[in-house]
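Using the working numbering, the first residue of the sequence shown is number 143, and each one after it goes up by one. All residues carry an ideal CB built from backbone N, CA and C; glycine is no exception. In what follows, a single structure is set out as structure tokens and then discussed.
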Amino acid sequence: MKRKLMFVFLMACILLAVAACTPSKSETPAPSTNNNTTTSVSTGTAISIESFAFNPKVLTVPVGSTVVWTNNDSAKHNVVSTNFSSPEFGKGETFEFKFDQKGTYDYSCGIHPSMTGKIIVE
């Protein structure tokens with residue numbers, strides 16, 4: 143009987159330890175310190191920076207859309223265009239820009255000029 147009780151006690155301790163180490167789904171990430179960042183992204187307006195490339199390379203959005211670039215690389219990047227530019231931002235950080243006028247907006251990474259992309263606003 144003592145063995146059974148000890149086994150139940152050990153299992154309860156293990157379950158409590160695992161539960162304490164598992165993050166809650168209700169936890170929210172800490173806000174970024176960059177004022178040009180956001181954590182909410184509307185469908186179809188997100189650009190990921192991965193493997194030193196913008197993905198998608200070309201994005202078409204309606205007028206009034208806010209496009210959010212998220213850096214998933216370990217290196218810092220920025221987004222530079224004749225119409226807008228971002229500061230350098232690191233892994234996990236974002237930059238956003240609202241497109242209020244129709245047009246085609248070519249952009250690149252000012253740090254890594256071979257990284258290019260295009261936003262088409264209709």
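| Query | Result |
| --- | --- |
| Where does F231 sit, in a helix, a strand or coil, going by DSSP? | strand |
| In whole angstroms, what is the alpha-carbon distance linking P229 and D215? | 16 Å |
| Please classify A195: does DSSP put it in a helix, a strand, or coil? | strand |
| Could you tell me the boundaries of the beta strand (DSSP E) in which N225 lies? | Premise fails: N225 is in no beta strand (DSSP E) and is neither H nor E. |
| Let's test the definition: count the other Cβ atoms within 10 Å of the Cβ of G259 and tell me whether it reaches 16, buried, or not, exposed. | buried |
| Applying the 10 Å Cβ sphere with the 16-neighbour rule, what's the burial state of S227? | exposed |
| Among residues of its own chain, excluding the 5 on either side of T187, which ones have a beta-carbon nearer than 8 Å to its beta-carbon? | L201, V203, S207, T208, V209, V210 |
| Determine the direct distance from the alpha carbon of S190 to that of H254, and round the result to whole angstroms. | 15 Å |
| How is E238 classed by DSSP in three states: helix, strand or coil? | strand |
| Using three-state DSSP, classify N213 as helix, strand or coil. | strand |
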